[in-house]
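Worksheet: one structure, shown below.
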Amino acid sequence: MEALARTVTVRLPDGSTKVVPRGSTVRQIAESIGPRLAHDALAAKLDGKLVDLSRPVEEDAALEILTPRSPEAVDIYRHSTAHLTANAVKRLFPDVQIGIGPAIENGYYYDFNPKRPFTQEDLDAIEAEMRRIVAENNPIERLEMDREEAIRIFEEQNDTLKVEIIRGIPDARVSCYRQKDFIDLCRGPHVPSTGRLGVFKLTHTAGAYWKGDERNPMLQRIYGAAFLTSKELEAHLKRLEEARARDHRRLGKELELFVFHPWAPASPFFLPKGAALYNGLIEMLRSEYRRRGYEEVVTPQIFDVELFKASGHLANYREHMFFTQAEEREFGVKPMNCPGHFLMYQSRLWSYRDLPVRFADFGRLHRYELSGVTAGLTRVRSFVTDDGHIFAPLEKVESEILAFLEFLDLVYGAFGFDAVEISLGLRPEKRMGNDALWDRGEAALAAALQKARRPHVVTPGDGAFYGPKIDFRVKDAIGRAWQLGTIQCDFSQPENFDLTYVGEDGGRHRPVVLHRAILGSLERFLGILIEHTAGSFPFWIAPVQAAVLPVSDRFASAARAAAGRLSEAGIRVETDARNEKLGAKIRKAELEKIPAMLVIGEKEASAGTAAVRLRHGGDAGTMAIDDLVAAARAAVAARQRELFAEVKNR
Ligand SMILES: [Zn+2]
Ligand SMILES: [Zn+2]
10 MEALARTVTV
20 RLPDGSTKVV
30 PRGSTVRQIA
40 ESIGPRLAHD
50 ALAAKLDGKL
60 VDLSRPVEED
70 AALEILTPRS
80 PEAVDIYRHS
90 TAHLTANAVK
100 RLFPDVQIGI
110 GPAIENGYYY
120 DFNPKRPFTQ
130 EDLDAIEAEM
140 RRIVAENNPI
150 ERLEMDREEA
160 IRIFEEQNDT
170 LKVEIIRGIP
180 DARVSCYRQK
190 DFIDLCRGPH
200 VPSTGRLGVF
210 KLTHTAGAYW
220 KGDERNPMLQ
230 RIYGAAFLTS
240 KELEAHLKRL
250 EEARARDHRR
260 LGKELELFVF
270 HPWAPASPFF
280 LPKGAALYNG
290 LIEMLRSEYR
300 RRGYEEVVTP
310 QIFDVELFKA
320 SGHLANYREH
330 MFFTQAEERE
340 FGVKPMNCPG
350 HFLMYQSRLW
360 SYRDLPVRFA
370 DFGRLHRYEL
380 SGVTAGLTRV
390 RSFVTDDGHI
400 FAPLEKVESE
410 ILAFLEFLDL
420 VYGAFGFDAV
430 EISLGLRPEK
440 RMGNDALWDR
450 GEAALAAALQ
460 KARRPHVVTP
470 GDGAFYGPKI
480 DFRVKDAIGR
490 AWQLGTIQCD
500 FSQPENFDLT
510 YVGEDGGRHR
520 PVVLHRAILG
530 SLERFLGILI
540 EHTAGSFPFW
550 IAPVQAAVLP
560 VSDRFASAAR
570 AAAGRLSEAG
580 IRVETDARNE
590 KLGAKIRKAE
600 LEKIPAMLVI
610 GEKEASAGTA
620 AVRLRHGGDA
630 GTMAIDDLVA
640 AARAAVAARQ
650 RELFAEVKNR
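Here it is as structure tokens:
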């Protein structure tokens, strides 16, 4: 037998090579390269395979030492933190069985089978124990053994879930990792010792079926956030907290805005306060429609499928539609308003003098979505859009886009969406209509954006198959972007429905259809608005704009009279006449995020005034009820975010 060479050659990522004694561990090689690298090393890649620092190098290989700067490091760190969690759980709850613990985005989880669900106190104790194990700085060792031996180990500690996993592994040899008093079955790799961990936070628990199969027992999953630097962890926890505080599903419940019922899957029920918001959106748009030459129309809900054959929905959109039958005819529930609008346009003769025609419709639409796993407003089956269709000659498209941009700015501004991103989608590969039409359509959209001096990105190929479009995204208060508005040129449907107008020349011409929406689905928009404002809705649309708070029973009638005055003026107002201390009433109104609190005591009752407190702690002094009514009406008319444009804050 040929004797093995006593050395091996490793190739490093910079292209250099290093000759080391055969059997040197990765750690020893890192040390020979430099103390800094050895200090930072977490694991390594040997011929592309992730390995521990303790791995001996037995043959020539490519070697990359992984440090916290390596892209692969974070998952190894997160998964090692999962072992750390299981180690702590086993110390505190020796009879809890352990499942699996992979790295996930932003952290990891570990599944357990505890006798009773973990409480927050348990999580705190587990986290404290994890920190103790980090301080112990126990080496993490890799052990390779026969399958049977691993089974014996886990049977001995009554970890039947682990035994089940090992029995499912076909290999004769398996690997385990031990850190002092804790052993886990694992492929690895891991960081070299528990002292290398520490940037983590247990975030929550949730039920999870063993192996994701609902026929299996329900386990308890502990989720942890873990990052390589505390700065990243803190930023993540802050984002989590912000998003949680704003979750529209939670706020929708707390603020009594909407509910769901399993008998109407993915279809929200708006409670009175939610309906006030909903109607507030519609009223605002209606008043703008009247000023902007839109005409509101009302169209049917259910159409003979012939309509959807003509529009192409039956061929291209069938799986998103609901159908129904009557009198042996098949009907479709409309998923969009456009086809109905085309029938309406066809119902009379139009002259170029009549155009552009702008139909607006708050018709209810139904689209099939998978039944709700989440009770949210973002994907629903039943909704209304601020839909409109403009029928215009091609040469009027540019001016229509300009008017639309102005309309859109006004609407977004009223909700405090100040950062709007615009993208212009140009012709896709598969499209209908001749290139001359596309040239003119794209030029009109681009010219309008130019004239309005609106920065935008151009996205070739992103247009609809029927025409170019402009999409609008807003950034919310915590920096998330949401696609809301759109205006799309359509050259195709005017052909399908043979839409025409009589031109100046007396001949028949084809109009262009512009499909446009500013908010899109009102349901989804409300979900976004709830998270954007964290429930502190702009004054003008707040479901309850003012709460009148009598200091005691004696002033309840004065309070009701003041509320009556505001209510007559169209202000949404509530009176809190409960037999409670003023402080409790203020706290309740603040929790409900009511913009204005009008406190009425002895002095105010006799003078016909109220002491005005604003949410977020502003104090607006004492005002006559007459002046308050005037101020509130002016604030609604100007669509102010607070009762007073200038708020003396905090
Ligand atoms: Zn592991
Ligand atoms: Zn449309």
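Throughout the sequence shown, residue numbering follows our numbering, covering 10 to 659 in sequence. Ideal Cβ placement from N, Cα and C applies to all residues, glycine included.
Supposed contact pair residue j and residue i - C-beta distance, whole angstroms, cut 8 Å
{"i": "T203", "j": "Y232", "result": "Rounded, the Cβ-Cβ distance is 20 Å, inconsistent with contact."}
{"i": "V511", "j": "H398", "result": "About 20 Å separates the two Cβ atoms, so there is no contact after all."}
{"i": "K54", "j": "E40", "result": "With a Cβ gap of about 18 Å, K54 and E40 do not count as contacting."}
{"i": "A629", "j": "V638", "result": "Contact flag wrong, Cβ pair sits at about 14 Å."}
{"i": "G434", "j": "G472", "result": "4 Å"}
{"i": "S79", "j": "R151", "result": "Incorrect: roughly 20 Å between the Cβ atoms, too far for contact."}
{"i": "S320", "j": "V389", "result": "That pair is no contact at about 22 Å."}
{"i": "A619", "j": "A571", "result": "6 Å"}
{"i": "P111", "j": "A137", "result": "With a Cβ gap of about 24 Å, P111 and A137 do not count as contacting."}
{"i": "A641", "j": "A555", "result": "7 Å"}
Beta-ladder partner(s) of residue i, from DSSP
{"i": "V393", "result": "R373"}
{"i": "R187", "result": "E150, I192"}
{"i": "R517", "result": "V511"}
{"i": "P30", "result": "T16"}
{"i": "N225", "result": "Answer is none; N225 lacks a bridge partner."}
{"i": "F416", "result": "Its beta-bridge partners do not exist; DSSP assigns none."}
{"i": "I311", "result": "V342"}
{"i": "V557", "result": "T584, L607"}
{"i": "V522", "result": "F400, D499"}
{"i": "E304", "result": "F368"}
{"i": "A565", "result": "Answer is none; A565 lacks a bridge partner."}
{"i": "N122", "result": "Q106"}
{"i": "W491", "result": "V483"}
Contact set for residue i: own chain, Cβ-Cβ below 6 Å, skip 5 residues either direction
{"i": "L132", "result": "L211"}
{"i": "G261", "result": "F267"}
{"i": "V420", "result": "I527"}
{"i": "V366", "result": "F400"}
{"i": "S33", "result": "V66"}
{"i": "L458", "result": "H465"}
{"i": "K657", "result": "Unreliable positioning characterises K657 in this predicted model, as indicated by a pLDDT of 45, which lies under 50. A coordinate reading is not provided."}
{"i": "D222", "result": "none"}
{"i": "T18", "result": "T26, V28, D69"}
Top-ranked residue by Cα proximity to residue i, from the options
{"i": "Q355", "options": "R519, W219, A473", "result": "R519"}
{"i": "L600", "options": "D222, K99, A543", "result": "A543"}
{"i": "R187", "options": "D61, D256, A71, E250", "result": "D61"}
{"i": "D168", "options": "L280, I107, I42", "result": "I107"}
{"i": "V183", "options": "A619, R196, E173, A252", "result": "R196"}
{"i": "P274", "options": "R362, H375, E339, M227", "result": "H375"}
{"i": "H350", "options": "L386, A217, F312", "result": "F312"}
{"i": "V143", "options": "F102, S408, V200, R161", "result": "V200"}
{"i": "V467", "options": "P437, H541, D585, V483", "result": "P437"}
{"i": "I192", "options": "G422, I85, E292, A97", "result": "A97"}
{"i": "D104", "options": "K124, A217, R253", "result": "K124"}
{"i": "F481", "options": "F474, P469, L591, T495", "result": "T495"}
{"i": "I42", "options": "R20, L59, W359", "result": "R20"}
{"i": "L206", "options": "Y86, N588, P22, A598", "result": "Y86"}
{"i": "L59", "options": "M293, L414, V35", "result": "V35"}
{"i": "D69", "options": "F416, L93, D56, T76", "result": "D56"}
{"i": "A461", "options": "Q129, L411, L379, H270", "result": "L411"}
{"i": "D363", "options": "F209, D507, K405, E504", "result": "K405"}
{"i": "A614", "options": "I580, A646, V557", "result": "V557"}
{"i": "N505", "options": "K612, L352, D562", "result": "L352"}
{"i": "H541", "options": "A52, V483, S432, L246", "result": "V483"}
Cβ-based neighbour list, residue i, same chain, cut-off 7 Å, excluding 5 preceding and 5 following
{"i": "R650", "result": "G425, P547, F548"}
{"i": "A524", "result": "Rather than Ala, the amino acid found at residue 524 in this sequence is His. Around H524: C347, H398, Q497, D499."}
{"i": "D155", "result": "A181, R182"}
{"i": "I537", "result": "D485, W491"}
{"i": "R574", "result": "I634, V638"}
{"i": "N146", "result": "S202, T203, G204"}
{"i": "G610", "result": "V560, F564"}
{"i": "A605", "result": "Q554, A555, V621, L623, L652"}
Close-in-space but distant-in-sequence residues of the same chain around residue i (CB under 8 Å, 5 per side omitted)
{"i": "L290", "result": "D395, L528, L531, F534, L535, I550"}
{"i": "Y361", "result": "P402, Y510, V511, G512, E513, H518"}
Minimum Cβ-Cβ distance from residue i to chain C less than 8 Å
{"i": "T509", "result": "No chain C is present in this structure, which holds just one protein chain."}
- Query: If you pair each beta-carbon of the segment 443-459 with each one of the segment 564-583, do three or more pairs fall below 8 Å?
  - Reply: no
- Around ligand 4, which residues pass a check of Cβ closer than 7 Å to any of its heavy atoms? Looking at this structure, you won't find ligand 4 anywhere; what it does contain is ligand 1 and ligand 2.
- Is it true that the segment 286-299 meets the segment 314-334, where meeting means three or more beta-carbon pairs spaced less than 8 Å apart? no
- Any contact of the segment 301-311 with the segment 361-371, i.e. 3+ C-beta pairs under 8 Å? yes
- Query: How do the segment 229-248 and the segment 109-121 stand: do at least 3 beta-carbon pairs fall below 8 Å, yes or no?
  - Reply: yes
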